[in-house]
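Novice: Got a structure for you, questions after.
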Amino acid sequence: MSALSGQKPVFRFAPSPNGLLHLGHALSAILNFEMAKAANGRFLLRMEDIDIARCKPEYEEAIEEDLAWLGLDWEKSVRRQSEHISEYAAALEKLKAKGLIYPAFMSRTEIRRWVENYEAEGAEWPRDPDGAPHYPPDDKALSEHESAARIASGEKHVWRLDMEKAVKQLFQALTFTETGPAHTGLLPADPARWGDVMLWRWDAPSSYHLSVVVDDALQGVSHVVRGLDLFYATSVHRLLQTLLGLPEPIYHHHRLILGEDGRKLSKSNASTALSALREQGLSAGDLRILIDQPTL
Ligand code: GLU
């Protein structure tokens, strides 16, 4: 099912208000805005703030101030994920009803130890595209009764997707349409590379993967324009969209702006924050020239 059925194209910029925007965000926001304008489409702003401990209203204000300084204009009904938890919970229930998710009890340290023990035998345990080990299989093997008893006793748990089972439920090869410069065309999606992804955290409701697909569908997003760091996550998104019966947007992953150390810019580096550059006297026009530099 395509999200492009006779309506205006819809683009969105979806930052997490857990820090200040940097040059990489500026590139993403400007591209979304320009592509929406060129397509006579709509440009939305979405605050991805499910991580309530780290997201702050003052960062939201700073984001809007930065975007306005860049000369961007977005629809003023801004969607805040923290206000839509019940919609993500409904999607989780749908997957639960299909028998595709399970409660997972292992902490990060326990996962690390499990992987160390496994690899001590000589075999390598798979890692996801971000380099994190796949979730061990033990909790999936628990009986419903055992899991329920552990939850009832107050044991901390998250909900994970049973990837093997989920992939088996697909009736056709999973693909996505990509228009970004690094990889272009109809591409194969390979969600199994991620193992049993987390769909509901213990310390915050929902998860990035679940809320992003629910929101893109509910907001009628037809074009997802974002950094290449999320290229491989698209496979998980396509899987969730298919399992939940949600429309398929077109994807465009743009280059990342790297810092002097050759690494992706981070929100903790104050010197590349848009507000810092603005305070140094840079104009929005200077900034556009700066992010156009191919070396950046
Ligand atoms: N909230 C994500 C971020 O700030 C972007 C999500 C997306 O564009 O799909 O990196």
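Going by this note's numbering, the sequence shown opens with residue 7, and the numbers climb by one from there.
C-beta atoms are modelled at their ideal positions from N, C-alpha and C, and glycine is treated no differently.
Predicted model, so just to flag it, every value in this text is computed and none were measured.
With contact counted as at least three CB pairs below 8 Å, one residue from each stretch, are the stretch 138-149 and the stretch 111-120 in contact?
Specialist: Taking 8 Å as the limit for Cβ pairs, the verdict is that the stretch 111-120 does touch the stretch 138-149.
Novice: From which residue to which residue does the alpha helix (DSSP H) around residue 116 run?
Specialist: Counting along the chain, the alpha helix (DSSP H) containing residue 116 begins and ends at 114-126.
Novice: Within the chosen definition, does the stretch 68-75 reach the stretch 12-32 through at least 3 CB pairs nearer than 8 Å?
Specialist: Contact between the stretch 68-75 and the stretch 12-32 is present, because at least three Cβ pairs lie under 8 Å.
Novice: Out of 201, 220, 57, 63, state which residue places its alpha-carbon closest to the alpha-carbon of residue 100.
Specialist: Among 201, 220, 57, 63, the Cα nearest to that of residue 100 belongs to 220.
Novice: Since residue 41 contacts residue 229 with CB under 8 Å, what's their CB separation in whole angstroms?
Specialist: Sure, about 7 Å apart at Cβ, within 8 Å.
Novice: Quick check on this structure: which residue in 234, 103, 53 has the alpha carbon closest to the alpha carbon of residue 258?
Specialist: The option with the nearest alpha carbon to residue 258 is 234.
Novice: How is residue 65 classed by DSSP in three states: helix, strand or coil?
Specialist: Here residue 65 sits in helix by DSSP.
Novice: Three or more C-beta pairs closer than 8 Å, one from the stretch 190-200 and one from the stretch 234-253: is that the case here?
Specialist: Yes: at least three Cβ pairs fall under 8 Å.
Novice: So what's residue 218 in DSSP terms, helix, strand or just coil?
Specialist: It is helical.
Novice: Quick one: using the 10 Å Cβ neighbour count with 16 as the cut-off for buried, is residue 77 buried or exposed?
Specialist: Flag for residue 77 reads exposed.
Novice: Using a Cβ-Cβ cut-off of 6 Å (strictly less than) and excluding sequence neighbours within five positions of residue 60, which residues of its own chain qualify?
Specialist: Cβ neighbours of residue 60 beyond the five flanking positions: 24.
Novice: Once DSSP output is grouped into helix, strand and coil, what is the label at residue 249?
Specialist: Of the three classes helix, strand and coil, the one that applies to residue 249 here is helix, per DSSP.
Novice: Could you tell me whether the Cβ atoms of residue 172 and residue 245 are closer together than 8 Å?
Specialist: The answer is yes: Cβ separation under 8 Å.
Novice: List in chain order: all unbroken beta strand (DSSP E) runs of 3+ residues lying wholly within the stretch 189-236.
Specialist: Taking only runs of at least 3 residues, the beta strand (DSSP E) segments lying wholly in the stretch 189-236 are 191-194, 204-206, 229-233.
Novice: Identify whether residue 185 lies in helix, strand or coil by the three-state DSSP scheme.
Specialist: Looking at residue 185 - three-state DSSP - the assignment turns out to be coil, as it is neither helix nor strand.
Novice: Can you tell me whether DSSP reads residue 90 as helix, strand or coil?
Specialist: In this structure, residue 90 counts as coil in the three-state DSSP scheme.
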